[in-house]
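J.: In the UniProt record's numbering, the protein residues as written are 1 to 322. One structure, as structure tokens, below. Some questions next.
Now the structure itself:
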């Protein structure tokens, strides 16, 4: 956690800590022309998309739009009727997709009698993590998902928030590069939502993340750009944020002067309950995040600000007025 006196301590030692970065130019995962049928029902129609490291992409659509099917194909768990996928520029077969991606299903398959640690260890074994690396992988994943304090608790006794974190740990333990999250925030209370959202933003530093949801507000607050899936067809809705502007909350609450002193920050606007609107200089967002990460700050909120996503979603899906 950042030192309690000032946010300035977060930029005093910028070396040696992982920094959140802007998306790389070439896609980590690319799909082209994916189609899936269930009998006469078309679940996906010529779906093409790309995911880059460092970004969270929202897959927005109503229930039954094909979101879960799309994620299953990208995870290598379902073979499409047609279409191709690439990982790092190379044609990807299902086995490669399974090895390099992690899927958090809408309802994580948790064994209620297993402890949290046992569940993650089992997932590591199934995913093929070498035995000599397994203990470290489990311990690291528990810490990353904020599960270390409940590692001995049985999965069946977890709250909904911890159940989602455990599901995420199962998807992360084999250290994938692509994270596929299927309706991950359903059933979470406001506090659990904020914590899960912050965790997803932290994970974006080293992953390409696709997050499916039917909730406009959640996509707006969590994702960098949005894809709309409607009746199996995919359309890009664009970026969720006004360029260069973010909603931010840190613990402890910083002073305005300390936020302004961070690299890449152009202006700040205080909001109620410890929130800030932060506007960045050109290419300044990554520099600011690097300074925050280097200082060990607890990032409680990091979300796009000011996008009219609802209007675009209604236009793309042909829905009526809000």
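Glycine is no exception: its CB is placed at the ideal position from the N, C-alpha and C atoms. No experiment lies behind these values; they were computed from the predicted model shown.
Report the three-state DSSP secondary structure of residue 193 (helix, strand or coil).
T.: Working through the chain shown from its first residue, we reach residue 193 at position 193. Helix, per DSSP.
J.: Using 9 Å as the threshold, is the C-beta distance between residue 53 and residue 207 below it?
T.: Counting from 1 along the chain shown, the entry for residue 53 is found at position 53. Counting from 1 along the chain shown, the entry for residue 207 is found at position 207. Yes, the Cβ-Cβ distance between residue 53 and residue 207 is below 9 Å.
J.: Leaving out the 5 sequence neighbours to the left and right, which residues in its chain are closer than 6 Å to residue 142 when beta-carbon positions are compared?
T.: Looking up residue 142 in the chain shown gives position 142. Only 148, 151 meet the Cβ criterion.
J.: Would you identify the three-state DSSP class for residue 255, choosing helix, strand or coil?
T.: Within the chain shown, the letter at position 255 stands for residue 255. Coil, per DSSP.
J.: Cβ of residue 268 within 8 Å of any heavy atom in the ligand FAD?
T.: Questions concerning the ligand FAD fall outside what the structure shown contains, since it holds no ligand whatsoever.
J.: Determine the contact status of residue 303 and residue 247, defining contact as a CB-CB distance below 9 Å.
T.: Translated into positions along the chain shown, residue 303 becomes position 303. Translated into positions along the chain shown, residue 247 becomes position 247. Yes, these two residues count as a Cβ contact at 9 Å.
J.: Quick check on the DSSP output: the alpha helix (DSSP H) that includes residue 218 runs from which residue to which?
T.: For the purposes of this step, residue 218 is identified with residue 218 of the chain shown, where counting begins at 1. From DSSP, the alpha helix (DSSP H) with residue 218 extends over 216 to 222.
J.: Who are the Cβ neighbours of residue 187 in its own chain at under 6 Å, not counting the five residues just before and after it?
T.: For this step, residue 187 is matched to residue 187 along the chain shown. Only 160 meet the Cβ criterion.
J.: What does a CB cutoff of less than 7 Å around residue 173 pick up in its chain, not counting 5 residues either side in sequence?
T.: Taking the first residue of the chain shown as 1, we reach residue 173 at position 173. Here the set comprises 120, 123, 124, 127, 129, 137, 138, 141.
J.: Grab me the residues of residue 288's own chain with a C-beta within less than 8 Å of its C-beta, minus the 5 sequence neighbours each way, in chain order.
T.: Your numbering for residue 288 matches position 288 in the chain shown. Contacts found: 262, 263, 264, 265, 278, 280.
J.: Residue 181 and residue 193 - do their beta-carbons sit closer together than 9 Å?
T.: For the purposes of this step, residue 193 is identified with residue 193 of the chain shown, where counting begins at 1. For the purposes of this step, residue 181 is identified with residue 181 of the chain shown, where counting begins at 1. Contact flag unset, no.
J.: What ranges does the alpha helix (DSSP H) occupy inside the region 107 to 174, keeping only unbroken runs of at least 4 residues that lie completely in it?
T.: Correct list: 116 to 126, 131 to 144, 160 to 172.
J.: Under the DSSP definition of a beta bridge, which residues are partnered with residue 270?
T.: Position 270 of the chain shown, counted from the first residue, corresponds to residue 270. Beta-bridge pairing links residue 270 to 276.
J.: Hey, could you find the ends of the beta strand (DSSP E) residue 37 is sitting in?
T.: If you number the chain shown from 1, residue 37 lands on position 37. Where residue 37 is concerned, the enclosing beta strand (DSSP E) stretches over 29 to 38.
J.: Between which two residues does the alpha helix (DSSP H) carrying residue 68 extend?
T.: Counting from one through the chain shown, the residue named residue 68 turns up at place 68. Element bounds for residue 68: 67 to 74.
J.: Whole angstroms are fine: how far does the CA of residue 299 sit from the CA of residue 84?
T.: Locating residue 84 in the chain shown gives position 84, where the first residue counts as 1. Locating residue 299 in the chain shown gives position 299, where the first residue counts as 1. Each residue's Cα considered, the two are about 37 Å apart.
J.: How should residue 243 be labelled, buried or exposed, when 16 other C-beta atoms within 10 angstroms of its C-beta is the threshold for buried?
T.: As a working note, residue 243 is residue 243 in the chain shown. Its pLDDT being 47, under 50, residue 243 is placed unreliably in this model, and the coordinates cannot settle the point.
J.: By DSSP's criteria, residue 234 is part of a beta bridge. Which residues make up the other side?
T.: On the chain shown, position 234 is the one that residue 234 refers to. DSSP output for residue 234 lists 229 as bridge partner(s).
J.: Please work out which residues of its chain come closer than 8 Å, Cβ to Cβ, to residue 166, disregarding the five sequence neighbours upstream and downstream, and give them in chain order.
T.: As a position in the chain shown, residue 166 is number 166, starting the count at 1. Taken in chain order, the residues that qualify are 108, 110, 116, 119, 120, 145, 147, 155, 158.
J.: Pick helix, strand or coil for residue 177, following the three-state DSSP scheme.
T.: Counting from one through the chain shown, the residue named residue 177 turns up at place 177. In the structure shown, residue 177 sits in coil (DSSP, three-state: anything other than H, G, I, E or B).
J.: Helix, strand or coil, according to DSSP, for residue 284 in the structure here?
T.: Looking up residue 284 in the chain shown gives position 284. Residue 284 falls in the helix class under three-state DSSP.
J.: Would residue 35 pass as a contact of residue 44 if the rule is Cβ separation under 9 Å?
T.: Translated into the one-based positions of the chain shown, residue 35 becomes position 35. Translated into the one-based positions of the chain shown, residue 44 becomes position 44. Yes, the pair counts as a contact, with Cβ atoms nearer than the cut-off.
J.: Using beta-carbon positions only, say whether residue 210 and residue 74 come within less than 9 Å of one another.
T.: Locating residue 210 in the chain shown gives position 210, where the first residue counts as 1. Locating residue 74 in the chain shown gives position 74, where the first residue counts as 1. Yes, they are a contact pair.
J.: According to DSSP, is residue 262 part of a helix, a strand, or is it coil?
T.: In the chain shown, counting from the first residue as 1, residue 262 sits at position 262. Residue state, collapsed to three classes: coil.
J.: How would you call residue 218, buried or exposed, if buried means at least 16 neighbouring beta carbons within 10 angstroms?
T.: Here residue 218 is taken as the residue at index 218 of the chain shown, counted from 1. Residue 218 should be labelled buried.
J.: Here's the rule I'm using: 16 or more other beta-carbon atoms within 10 Å means buried, otherwise exposed. How should residue 269 be labelled?
T.: For the purposes of this step, residue 269 is taken as the residue at position 269 of the chain shown. Result: exposed.
J.: Measuring CA to CA, which of 91, 77, 113 is closest to residue 101?
T.: In the chain shown, the residue the question calls residue 101 occupies position 101. Looking at the Cα atoms, 77 is the closest of the given residues.
J.: Which first and last residues belong to the beta strand (DSSP E) in which residue 81 is found?
T.: Indexing the chain shown from 1 puts residue 81 at position 81. No beta strand (DSSP E) contains residue 81, which DSSP labels as neither H nor E.
J.: Is residue 328 near residue 225, with beta carbons less than 9 Å apart?
T.: One cannot answer for residue 328 here, as it falls past the ends of the chain, which runs 1 to 322.
J.: Please check the pair residue 391 and residue 81, which I expect to be a contact at CB under 8 Å, by giving their CB distance rounded to whole angstroms.
T.: Given that the chain is displayed from residue 1 to residue 322, the structure contains no residue 391 and the question cannot be resolved.
J.: Assuming residue 204 contacts residue 301 (C-beta within less than 8 Å), just tell me the rounded distance between them.
T.: Residue mapping note: residue 204 aligns to position 204 of the chain shown, counting from 1. Residue mapping note: residue 301 aligns to position 301 of the chain shown, counting from 1. Contact doesn't hold; Cβ gap of about 14 Å is too wide.
J.: Is DSSP giving residue 104 helix, strand or coil here?
T.: Walking along the chain shown from the start, residue 104 turns up at place 104. Three-state result, residue 104: strand.
J.: Per DSSP, residue 50 forms a beta bridge with which residues?
T.: Translated into positions along the chain shown, residue 50 becomes position 50. Per DSSP, 30.
J.: When the Cα of residue 325 is compared with those of 63, 200, 171, 256, which residue comes out closest?
T.: Nothing about residue 325 can be read from this structure; the chain reaches only from 1 to 322.
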